[in-house]
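In our numbering, each residue carries its 1-based index in the sequence shown increased by 449.
Every residue, glycine too, gets a C-beta built ideally from N, C-alpha and C.
A quick write-up on the structure given underneath.
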Amino acid sequence: MIIIELTYKVAVEMADKYMSEHLEFINKQYELGNFIASGKKEPRTGGIILSNMESQSDLEKIMDEDPFKIHDITEFKFTKFIPSRTSEDFKFLIESK
């Protein structure tokens with residue numbers, strides 16, 4: 450699993466101009482099975498995406514297609530995360546090896 454933290458480099462109003470394009474991109478990634486969850490940070494300084502992809506380099510290439518990246522709206526921070534414990538509802542997130 451990889452956590453992507455998006456942090457706005459511009460005012461929220463500027464980010465909002467590209468939000469519909471960004472959400473179309475996000476929806477496409479859900480359809481392709483690349484994302485598990487996503488949402489806005491509070492306070493609204495960006496967002497968080499949880500990806501079930503294993504390759505950070507492949508995920509970075511995908512994120513290069515995000516309109517927020519194309520228009521230099523956000524900074525992206527990628528963190529590889531291997532869950533070791535979860536509640537019963539999220540047991541599927543634990544990798545069995």
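Tell whether a beta-carbon distance below 8 Å holds between residue i and residue j.
{"i": "TYR479", "j": "PRO516", "result": "no"}
{"i": "GLU514", "j": "THR456", "result": "no"}
{"i": "ALA464", "j": "ILE522", "result": "yes"}
{"i": "LEU508", "j": "ILE452", "result": "no"}
{"i": "GLY496", "j": "SER487", "result": "yes"}
In this structure, what does DSSP give as the bridge partners for residue i?
{"i": "GLU464", "result": "One point to set straight first is that residue 464 is Ala, not Glu, in the sequence displayed. Note: ALA464 sits in no beta bridge, so no partner."}
{"i": "GLU454", "result": "ILE497, LYS526"}
Quick one: Cα of residue i to Cα of residue j, how far?
{"i": "GLU462", "j": "ARG493", "result": "11 Å"}
{"i": "PHE530", "j": "LEU472", "result": "24 Å"}
{"i": "LEU481", "j": "ILE511", "result": "11 Å"}
{"i": "ARG534", "j": "LYS540", "result": "8 Å"}
{"i": "THR528", "j": "GLU537", "result": "24 Å"}
{"i": "HIS520", "j": "GLU470", "result": "11 Å"}
Here's a check: name, in chain order, each residue in its chain whose Cβ is nearer than 6 Å to the Cβ of residue i, leaving out the five neighbours to either side.
{"i": "VAL459", "result": "ILE522"}
{"i": "LYS526", "result": "GLU454"}
Suppose the cutoff is 8 Å on Cβ atoms and the five residues either side in sequence are ignored; what does the same chain contact list for residue i look like?
{"i": "PRO484", "result": "Pro is not the amino acid found at residue 484; the sequence shown has Phe there. Excluding positions up to five away in sequence, the list reads ILE475, GLN478, ILE498, LEU499, SER500, ASN501."}
In chain order, what residues of the same chain have a beta carbon less than 7 Å from the beta carbon of residue i, not counting five sequence neighbours either side?
{"i": "LYS490", "result": "GLY496, ILE497"}
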